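As C-alpha cells, the structure follows; a few thoughts come after it.
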Amino acid sequence: MKEIDRMLKVINKPPIKTIKMRPHSYPKGFEPAKNAVKSKLHQLWHLNGTCPEGTIPIRRLQKSDLIRAASLKNFRRKSPRGPLGGRQPNESILDGHEHSVVKVTEKFYSGALASFNVWQPQLGWPNDFSLSQMWLVSGGAESTVEVGWMVYPDLFNDYQPRVFTYWTSDRYVSTGCYNLECPGFIQTSTEVALGAALPFSDYEGDQIYMNVNVTQDPVSGYWYLKIGEEEIGYWPENIVLHLWNGAEEVHFGGEIYDQRSARNIPVPHTATEMGSGRFSGEGLGRASYIGNIMVVDNDDSQTIEIPDQISVFNTKPECYDLSLGQTTDNGMLFFFGGPGETNFTEEANMEDKVMNKSVIKTIKMRPLSYPKGFEPAKDNMKSKLHQPWHLNGTCPEGTIPIRRTQKSDLIRKYPGGYLGGRRLHDGHEYLLFIQLASRGGLPIIES
C-alpha cells in the first residue's frame with residue numbers, strides 16, 4: 000500500500016503553472032476557425048459545469064485504479080504490442096491483440112485527421128479492451144502518438160467509451176502512458192478531459208462522431224492534437240524522437256485485446272466486440288466507421304491530401320472485418336468491426352437460411368368472421384402505428400415488411416457458439432434443452 004500511495008502522489012501531482020504556446024503555424028486548411036461555428040466534443044462531465052480559467056480538466060486516479068493493474072511496473076502502459084509497424088500479421092506477433100486496420104505508408108507525414116464513429120462495444124471479459132484510433136508511427140514502430148476512443152474497464156473501472164491519447168518511444172516496453180498519467184503529453188484545453196466518458200451511437204439511431212486532427216509544428220517539432228475545433232495539447236518532440244522528421248506510417252482502425260489469448264489459455268475466441276459489434280457490411284448507422292480520412296504531406300507545402308496508396312490488415316476476418324467505403328472530396332471512409340467469437344455450425348447456417356427464406360408468393364385470406372366488437376371499422380378513422388422505418392417509404396403492393404435476420408443476430412443469441420456447450424441459466428435456453436430432450440438424449444446441465 001505504501002508503494003501505491005507513493006505512485007498516486009507522483010501521478011496526481013499539483014497543478015502545473017506554465018504550458019507551451021500554440022503551434023507556430025498550421026497546414027493550410029487546418030487553421031482554427033475565427034467566425035465559424037466550432038465543432039465541439041461533448042463529454043458527460045460537461046453536465047456538471049466547466050473548469051475555472053487557467054485550469055484544465057483531469058481525471059484523478061484512485062487507489063482502486065492501481066489495485067486493478069496487473070502490476071505497478073506496467074501500470075499506465077499498453078502491453079508490448081502496438082501497431083503492425085510494417086510487419087505482416089500472424090499469430091506469433093499478435094499476442095492477444097487483433098486489428099482491422101488501414102495503413103498509409105507511401106511517404107512521410109506531418110499530420111492526419113479523421114472522424115471516428117463512437118460506439119459502446121461489449122467485452123467478453125473484463126480484462127479485455129476494444130478501441131478505435133489513429134496511430135502515427137515511425138522508427139519501425141519504436142515511436143508512436145495515438146488518439147481515439149476505447150472501452151477498457153481495467154483502466155477506467157467501467158464499460159463507457161472514453162477519449163484517450165497514448166505515446167511510446169520504445170515500442171511499449173518501458174516508456175509511454177495513457178492521457179496524463181505520466182510526464183509526456185501536455186494538455187492546454189480547459190474544455191476536454193482526457194479519459195472522460197463520451198456519448199455513443201445507437202444502432203439505427205443517432206450517430207455520435209469525434210473529429211480528430213494531429214499535426215506536427217514544423218518549427219518546434221511538437222505534435223499538436225485537436226478534437227473538433229478545440230486544441231487539446233501536444234506531445235513534445237523529445238519524448239518521441241523517431242517522429243522528429245514526421246511519421247513513416249499512419250494507421251486507422253480498430254483493435255481488441257483478448258487477455259486470455261495473450262496468456263495462452265486454451266479457450267474459445269473472446270466475444271469482445273470491435274466497433275459497434277456488427278460486421279462492416281451492415282453499413283452506416285449499424286457498423287462502426289472512420290471517415291473523412293486525410294493526411295498531411297511532410298514537405299514544405301504541408302499539403303493535405305486523400306491517401307491513395309493504402310494497405311488493409313485484418314487479423315481475424317471471421318471475427319472482425321473491414322470494407323472500404325466511398326472516397327469523396329472530404330476524404331476516405333471505411334467500415335469495420337464485428338462480434339468476436341463466431342463459432343457457427345452447419346445447424347446455425349441452416350437456421351439463418353430458413354429465417355431469411357425467399358419471398359412467399361401466396362398468403363392466407365382474412366378471417367371468415369370476427370368476434371363481436373372486433374369487426375374492422377368501416378367509416379371510423381383508422382388508428383395507425385408509427386414506426387421509424389416508415390420514414391424510408393412503404394412496401395410495394397402485395398408485399399409485407401420484414402426484418403431480415405443477420406448472422407450477428409444468431410451470434411448474440413448463442414454467445415458460446417451455436418449450442419456451444421456453455422452453461423445455460425435463462426428460461427429461454429432451458430426450454431431449448433427441454434425440446435432437445437424430447438427428441439431423445441437429455442443433455443447434462445452443470446450447476
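So the sequence shown is numbered by numbering that gives the first Met the number 0: it starts at 0 and just counts up by one.
Quick reminder that beta carbons are idealized off the backbone N, C-alpha and C, glycines included.
Note that the structure is predicted; figures quoted are calculated from it, not measured.
Discussion item. Let me check understanding here. Comparing Cα to Cα, which of ASP328, GLY336, ASP127, PRO400 lies closest to ILE292?
Written reply: The residue you call residue 292 lines up with position 293 of the sequence shown. The candidate whose alpha carbon is nearest that of ILE292 is ASP328.
Worksheet item: By the 10 Å Cβ neighbour count, where 16 or more other Cβ atoms means buried, how is LYS371 classified, buried or exposed?
Response: Working through the sequence shown from its first residue, we reach residue 371 at position 372. LYS371 should be labelled exposed.
Discussion item. Considering Cα atoms alone, identify which of ARG161, GLY245, SER131 is closest to SER496.
Written reply: Because the chain in this structure spans residues 0 to 446, residue 496 falls outside the shown range and cannot be described.
Discussion item. For a test of the three-state rule: what should DSSP assign to GLY397, helix, strand or coil?
Written reply: Within the sequence shown, numbered from 1, the residue matching residue 397 stands at position 398. In this structure, GLY397 counts as coil in the three-state DSSP scheme.
Fill in: ASP296 to GLY397 span [Cα, whole Å]
Locating residue 296 in the sequence shown gives position 297, counting from the first residue. Locating residue 397 in the sequence shown gives position 398, counting from the first residue. Computed Cα separation, rounded: 56 Å.
Worksheet entry | Cβ contact (3+ pairs, closer than 8 Å) linking the region 252-272 and the region 294-308 | no
Practice prompt. Tell me where the beta strand (DSSP E) around ALA113 begins and ends.
Written response: Sequence index remark: in the sequence shown, residue 113 carries index 114 (1-based). 108-117 is the span of the beta strand (DSSP E), which, as asked, contains ALA113.
Worksheet item: Can you name the residues that DSSP bridges to VAL213?
Response: The residue you call residue 213 lines up with position 214 of the sequence shown. Paired residue(s): ALA111, LEU224.
Worksheet item: Taking the alpha-carbon positions, what's the THR164 to PRO400 distance?
Response: For this step, residue 164 is matched to residue 165 along the sequence shown. For this step, residue 400 is matched to residue 401 along the sequence shown. Spanning the two alpha carbons is a distance of roughly 45 Å.
Fill in: Outcome for CYS318 when other beta-carbon atoms lying within 10 angstroms are tallied against a minimum of 16
Numbered from 1 along the sequence shown, position 319 holds the residue referred to as residue 318. With 16 or more other Cβ atoms within 10 Å, it is buried.
Worksheet entry | First through last residue of the alpha helix (DSSP H) which encompasses GLN258 | Numbered from 1 along the sequence shown, position 259 holds the residue referred to as residue 258. Start and end: 258-261.
Worksheet item: GLU97: buried (16+ other C-beta within 10 angstroms of its C-beta) or exposed?
Response: For the purposes of this step, residue 97 is identified with residue 98 of the sequence shown, where counting begins at 1. Label assigned to GLU97: buried.
Discussion item. I'd like the span of the beta strand (DSSP E) that includes LEU321, first residue to last.
Written reply: The residue given as residue 321 occupies position 322 in the sequence shown. Element bounds for LEU321: 320-323.
Fill in: Residue environment, SER168, which counts as buried when at least 16 other CB atoms sit within 10 Å
Indexing the sequence shown from 1 puts residue 168 at position 169. Result: buried.
Worksheet item: Just how far apart, CA to CA, sit GLU304 and SER310?
Response: Your numbering for residue 304 matches position 305 in the sequence shown. Your numbering for residue 310 matches position 311 in the sequence shown. If you take the alpha carbons of GLU304 and SER310, they lie about 17 Å apart.
Item to complete: Take GLY274 and list the residues in its own chain whose beta-carbon comes closer than 7 Å to its own, dropping the five residues that flank it on each side.
Response: Position 275 of the sequence shown, counted from the first residue, corresponds to residue 274. Excluding residues within five positions, the ones whose Cβ falls inside 7 Å are TRP118, PRO120, SER131, GLY253, ALA286, SER287, PHE335, GLY336.
Worksheet item: So, are the CB atoms of LEU112 and VAL266 less than 8 Å apart?
Response: Translated into the one-based positions of the sequence shown, residue 112 becomes position 113. Translated into the one-based positions of the sequence shown, residue 266 becomes position 267. It is not a contact, given that the beta carbons lie outside the stated cut-off.
Worksheet item: Which whole-angstrom value describes the C-beta separation of LEU135 and LEU242, a residue pair presumed to lie in contact below a C-beta threshold of 8 Å?
Response: Along the sequence shown, read from residue 1 onward, the residue named residue 135 stands at position 136. Along the sequence shown, read from residue 1 onward, the residue named residue 242 stands at position 243. That pair is a contact at about 7 Å.
Discussion item. Helix, strand or coil, according to DSSP, for GLY280 in the structure here?
Written reply: Stepping through the sequence shown from its first residue, residue 280 is reached at position 281. Helix at GLY280.
Discussion item. Within 10 Å of its beta-carbon, does ASN156 have 16 or more other beta-carbons around it, so buried, or fewer, so exposed?
Written reply: To locate residue 156, count along the sequence shown from 1; it is residue 157. Looking at its Cβ environment, which holds fewer than 16 other Cβ atoms inside 10 Å, ASN156 is exposed.
Discussion item. Here's the rule I'm using: 16 or more other beta-carbon atoms within 10 Å means buried, otherwise exposed. How should HIS389 be labelled?
Written reply: Position 390 of the sequence shown, counted from the first residue, corresponds to residue 389. Result: exposed.
Practice prompt. Look up LEU135 in the DSSP assignment and say whether it is helix, strand or coil.
Written response: Counting from one through the sequence shown, the residue named residue 135 turns up at place 136. Three-state DSSP puts LEU135 in a strand.
Worksheet item: Excluding the five sequence neighbours on either side, which residues of its own chain have a C-beta within less than 7 Å of the C-beta of LEU323, listed in chain order?
Response: What you label residue 323 is simply residue 324 of the sequence shown in a count that begins at 1. So the list reads PHE333, once near-sequence residues are dropped.
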